[in-house]
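Peer 1: When you number the sequence shown by this note's numbering, it's gap-free, plus one each residue, and the end is 749.
Built from N, CA and C at the ideal position, the CB exists for glycine as well.
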Amino acid sequence: MRNKHLYITLLAVLGFYTEMAGQDAARQAPRLVVNVMIDQLRSDYLEAFVPLYGENGFKRLLTQGAVYENASYPFAPTDRASAISSVMTGTTPYYHGIIGRQWLNRETLRPINCTDDPKQLGTPVPTQLATSTIGDELKVATDGKAKIFSIAPYCDAAILAAGHAADGAIWEDETSGRWTSSSYYSNESPNWLLSFNELKRPKRRIRSKKNAVKPSKNDDITALASLCVEQQALGDDEVTDLLCLTYHVGQSTSATMAEYRQEIQDTYVRLDQNLDSLLSRIERKIGADRVLFMVTGTGYSDEPSIDYSKYRIPTGTFYINRTANLLNMYLGALWGQARYVEAYFGNQIFFNHQLLESKRITLTEISQRAQEFISQMAGVRNTYTGMQLLSGTNEQTARLRNGFSLERSGDILVEVAPGWHICNEDTPQADYLSQLSATPFPIILYGVNVEARRVSTPVTIDRIAPTLARSIRIRAPNACPSEPLF
């Protein structure tokens, strides 16, 4: 009798695992993953214009996809470069190193772009991205057979989304207006890209309501994506390929609020048409049951310039260059005249470490003195050192720590009050407004093995890469500690 019960139990267990194996086999890996980043996407705008959309663009994604409504980036500050890098690596700038589109090179004391090669400028490269991306891991897992391309309106977006091992990264050259690529990936541009530049150039510019000629980059990205899928045979075999696209919905900050809102509406409606075209063409070619789309935003939004003082809202300007000069005078009174502040960039101050060593002044000592001095200035809410960020326990210091790099960030980070501007009069770098308000945006997954649902629970974007990795059945990027979304 006992053996009979054991036999029945074994049959049940065997049946369970057989069923699970059948389900797992039914969950085919996608032939093509399309990773869509929409620079400055905002949930409030996305939802406000729903009545103006067609049925097969945003509406299709929102009704047939898995929509995570409350997405966020687990670090601050956020810009296009740090956002795209974090989505592709599944980690934060603390690990992948891309703290922004630019930072100060400590060796030259000059700003350096995130896609520059510090040793040899000229060719955009992904080498400053310190970890692997989902595309890199796909190349490794397929012994180089997977095809990976990235198309974006900007060089940094294209390169960082492509990662280290891609087959090509394509963007629009700001000087010539032609779509170009980096010799890091290939010495020659593909013929279909050369043909696109020659044939599409006369038709690619449209006139706005102000009769000013402006490029319709999103239209070009959709056209190039279709060409890339067709000409590079993406998704044509059982080896998963990856196509990374970056669209843009942010507008000029110099427009009035009324003009800004109208431009935003026009841009979202036109992007809806582009997504309709993109989804339809790719699904027709490869099959709706063999493609996975991921759509999300970059977590920030450039707003038109606002004069808070006009509405009696507290505001002001914090001048980082004046602060550095005054700080040098103060430190000189303590330890003798010298250039203690070696450089400043954004809201960061860099000390002259060689000078400190020669004077036997510890970094902790000068940082404490500097923080006490800076904290007395108007508009300063807080100051941080790297060690304070690394040992901080509250949510704000955790977000700042995740966006911090020991090699690339300054010795002192100045946090100014919300509504205040940070300005550097010594460089052409534009001033920026300090804001703590979050930019709402979703994560949307649509396609193979995705069930339609709405999820209101807050999620962070570092979970996108492991979700894609699980769908493709490969390892997540090498610095990604997060769990998949499903």
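Taking its Cβ as the centre, do 16 or more other Cβ atoms sit within 10 Å of Arg-343, making it buried, or is it exposed?
Peer 2: buried
Peer 1: Considering Arg-305, what are the terminal residues of the alpha helix (DSSP H) in which it resides?
Peer 2: Annotation: Arg-305 is outside any alpha helix (DSSP H) and is labelled neither H nor E by DSSP.
Peer 1: Figure out for me which residue from Tyr-316, Met-351, Ala-339 has the closest Cα to the Cα of Met-300.
Peer 2: Met-351
Peer 1: Are Phe-613 and Leu-367 touching if we call contact CB-CB under 9 Å?
Peer 2: yes
Peer 1: Helix, strand or coil for Arg-373? Go by DSSP, reduced to three states.
Peer 2: strand
Peer 1: Which value, in whole angstroms, describes the spacing of the CA atoms of Gly-317 and His-427?
Peer 2: 37 Å
Peer 1: Residues in its own chain within less than 7 Å of Leu-487 by CB, not counting five upstream and five downstream?
Peer 2: Ile-414, Ile-433, Trp-442, Phe-459
Peer 1: Quick check on this structure: which residue in Ala-292, Ser-306, Leu-295, Val-554 has the alpha carbon closest to the alpha carbon of Gly-560?
Peer 2: Ser-306
Peer 1: For Ser-455, count neighbouring C-beta atoms within 10 Å of its own C-beta (all shown protein chains included) and say buried if the count is 16 or more, exposed if not.
Peer 2: The sequence shown places Trp at residue 455, rather than the Ser named in the question. Flag for Trp-455 reads exposed.
Peer 1: May I ask you to report which of helix, strand or coil DSSP gives Ala-284?
Peer 2: Note on Ala-284: pLDDT 42, under 50, position unreliable in the model; the coordinate value appears next. It is helical.
Peer 1: Measure the Cβ-Cβ separation of Cys-377 and Ile-397 and say whether it is below 9 Å.
Peer 2: no
Peer 1: Is the CB-CB distance between Ala-424 and Ile-375 below 9 Å?
Peer 2: No, they are not a contact pair.
Peer 1: Taking just the CA atoms, how far does Val-388 sit from Ser-452?
Peer 2: 16 Å
Peer 1: Does the distance from the C-beta atom of His-511 to that of Asn-537 stay below 9 Å?
Peer 2: Judged by beta-carbon spacing, Asn-537 lies beyond the 9 Å limit of His-511, meaning their Cβ atoms are not closer than that value.
Peer 1: Count the other CB atoms, across all protein chains shown, that sit within 10 Å of the CB of Glu-688; report buried if there are 16 or more and exposed otherwise.
Peer 2: exposed
Peer 1: Considering only their Cβ atoms, is the gap separating Ala-429 from Thr-509 smaller than 9 Å?
Peer 2: no
Peer 1: Taking only three categories from DSSP, how would you classify Phe-613?
Peer 2: strand
Peer 1: If you pair each beta-carbon of the segment 323-332 with each one of the segment 628-638, do three or more pairs fall below 8 Å?
Peer 2: no
Peer 1: Keeping to the same chain, check which residues put their C-beta closer than 7 Å to that of Ala-661; ignore five residues upstream and five downstream.
Peer 2: Gly-655
Peer 1: Here's the rule I'm using: 16 or more other beta-carbon atoms within 10 Å means buried, otherwise exposed. How should Ile-576 be labelled?
Peer 2: With fewer than 16 neighbouring CB atoms inside 10 Å of its own CB, Ile-576 falls in the exposed class.
Peer 1: Looking at Asp-565 and Gly-513, is the spacing between their C-beta atoms short of 9 Å?
Peer 2: Between Gly-513 and Asp-565, the C-beta spacing is below 9 Å.
Peer 1: Report the option in Ile-706, Thr-485, Ser-700, Pro-567 whose CA atom is closest to the CA atom of Glu-522.
Peer 2: Pro-567
Peer 1: Which residue or residues does DSSP assign as beta-bridge partners of Ala-432?
Peer 2: Ser-413
Peer 1: Would you kindly report the start and end of the unbroken beta strand (DSSP E) that includes Ser-444?
Peer 2: Counting along the chain, the beta strand (DSSP E) containing Ser-444 begins and ends at 442-444.
Peer 1: Taking the continuous beta strand (DSSP E) assigned at Pro-705, which residues delimit it?
Peer 2: 704-710
Peer 1: Among residues of its own chain, excluding the 5 on either side of Ala-393, which ones have a beta-carbon nearer than 6 Å to its beta-carbon?
Peer 2: His-359, Gly-360
Peer 1: Starting from the Cα of Thr-354, find the closest Cα among Ile-735, Phe-749, Pro-729, Ile-737 and give me that residue.
Peer 2: Looking at the Cα atoms, Pro-729 is the closest of the given residues.
Peer 1: Do you know whose CA, among Ser-489, Ala-742, Cys-507, Val-313, lies nearest Arg-544's CA?
Peer 2: Considering only alpha carbons, the answer is Ser-489.
Peer 1: What separation, rounded to the nearest whole angstrom, lies between the Cα atoms of Gln-494 and Tyr-417?
Peer 2: Cα-Cα distance, rounded: 22 Å.
Peer 1: Let me check understanding here. Comparing Cα to Cα, which of Ala-339, Phe-581, Ala-496 lies closest to Gly-682?
Peer 2: Phe-581
Peer 1: What would DSSP say about Arg-547, mapped onto helix, strand or coil?
Peer 2: Assigned with DSSP and collapsed to three states, Arg-547 falls in helix.
Peer 1: DSSP on Ile-675, reduced to helix/strand/coil?
Peer 2: strand
Peer 1: By Cβ distance, which residues of its chain are closer than 8 Å to Gly-385, with the 5 residues on each side in sequence left out?
Peer 2: Taken in chain order, the list of residues that qualify is empty.
Peer 1: Quick one: grab the DSSP three-state call for Tyr-523.
Peer 2: helix
Peer 1: Does the distance from the C-beta atom of Tyr-709 to that of Leu-506 stay below 9 Å?
Peer 2: no
Peer 1: Could you work out which residue in Arg-294, Val-502, Pro-340 is closest to Ser-700 when comparing CA atoms only?
Peer 2: Pro-340
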